[in-house]
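**Q** Quick one: this structure, given as structure tokens, is what I'll be asking you about.
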Ligand code: HEC
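Numbering (the working numbering), first residue to last: 365 to 546.
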């Protein structure tokens with residue numbers, strides 16, 4: 365076995381100058397050490413899973429924070445809520461329940477703003493396309509309690525949602541009944 369290794373080494377030596385060969389060996393060593401360390405980290409995290417009190421009995425504040433941050437997800441989860449509320453607005457306007465439409469529209473703003481705390485890189489498009497102007501405009505349309513205006517508000521809202529999806533490179537989100545029916 366040793367002989368085999370040594371002979372492989374000799375073969376390599378004929379192809380690489382000393383420095384390159386040493387750095388190759390060191391890289392291999394680093395990978396082995398790094399794998400060992402990450403194995404230990406995984407084992408530590410797994411052992412703490414024994415408690416169902418994954419927040420209150422987290423092994424440290426930093427592990428607790430990491431768990432909370434991970435569990436609260438990114439922009440997808442607030443958007444899921446925004447989609448639900450948007451669907452409720454569509455129905456509320458059909459029912460001419462303008463208070464309900466305005467209520468969900470308020471919550472959509474809160475939800476998007478909370479989402480931007482997590483994903484600040486989305487702020488520029490969110491503000492330019494929806495929050496700065498269109499949001500208030502649509503709110504006025506809903507609170508006017510005029511069916512024609514409220515329907516116009518919905519058209520503006522939908523256009524803003526879809527434009528932001530295009531701007532954020534998730535255009536496929538627009539291709540679903542939430543946006544294509546009505
Ligand atoms: C910042 C611009 C932006 C705005 C404004 C925006 N979205 Fe989104 N939306 C996104 C992005 C980005 C995703 C994909 C999130 C991800 O990949 O984690 C998304 C995803 C979604 C999803 C899929 C969520 C899921 O995982 O099930 C829905 C539904 C949705 N948006 C609805 C809406 C509606 C309705 C509006 C308008 C009221 C809206 N969005 C406004 C950027 C935006």
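Just so you know, even glycine gets a beta-carbon here, dropped at the ideal spot from N, CA and C.
Residues around the ligand HEC, please: the ones whose beta-carbon is closer than 7 Å to some heavy atom of it, in chain order.
**A** 438, 439, 440, 443, 444, 446, 447, 450, 472, 476, 486, 489, 490, 493, 494, 521, 524, 525, 528, 529, 531, 532, 534, 537, 542
**Q** Can you tell me where the alpha helix (DSSP H) with residue 441 in it begins and where it stops?
**A** Indexing the chain shown from 1 puts residue 441 at position 77. Note, residue 441: alpha helix (DSSP H), 440–458.
**Q** With DSSP run on the structure shown, which of helix, strand or coil describes residue 431?
**A** By one-based count along the chain shown, residue 431 stands at place 67. Helix at residue 431.
**Q** I'd like the span of the alpha helix (DSSP H) that includes residue 512, first residue to last.
**A** Within the chain shown, numbered from 1, the residue matching residue 512 stands at position 148. Run containing residue 512: 511–531, per the alpha helix (DSSP H) assignment.
**Q** Count the other CB atoms within 10 Å of the CB of residue 444; is the residue buried (16 or more) or exposed (fewer)?
**A** Here residue 444 refers to the residue found at position 80 when the chain shown is read from its first residue. It counts as exposed.
**Q** Pairs of beta-carbons, one from the segment 522–538 and one from the segment 482–493, closer than 8 Å: are there three or more?
**A** Taking one beta carbon from each stretch, the segment 522–538 and the segment 482–493 have 3 or more pairs nearer than 8 Å; the two touch.
**Q** Does the segment 417–434 come close enough to the segment 451–464 that 3 or more CB-CB pairs lie under 8 Å?
**A** no
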